[in-house]
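S.K.: Start counting the sequence shown at 1; every next residue gets the next number (the UniProt record's numbering). Can you keep this structure in mind? I'll have questions shortly.
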Amino acid sequence: MKNRLKVLRAERDWSQQDLATALEVSRQSVNAIETGRYDPSLPLAFRIADVFGLAIEEIFQRD
């Protein structure tokens, strides 16, 4: 699954650790999601969408 997480994070000048803290996950989890090595659970995807104020579909797209 493709995602815009890195771009959205960069637009806000957030580090991976900043986003990880907001999501209550590890920095390594944020890195794995950004690089496509890990697809987030549905609850985590909703938390990510809430943090950015976007719909899940605006962040994650099918390959």
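Glycine included, C-beta positions come from ideal geometry on N, C-alpha and C.
Who pairs with residue 60 in a beta bridge, going by DSSP?
M.R.: Paired residues: 3.
S.K.: If I measure Cβ to Cβ from residue 56 and keep anything under 6 Å in the same chain, skipping five residues before and after, which residues do I get?
M.R.: Excluding residues within five positions, the ones whose Cβ falls inside 6 Å are 45, 49.
S.K.: Would you kindly work out how many angstroms separate the C-alpha atoms of residue 10 and residue 60, rounded to a whole number?
M.R.: Computed Cα separation, rounded: 16 Å.
S.K.: Rounded to a whole number of angstroms, what is the C-alpha to C-alpha distance between residue 2 and residue 22?
M.R.: Each residue's alpha carbon lies about 21 Å from the other.
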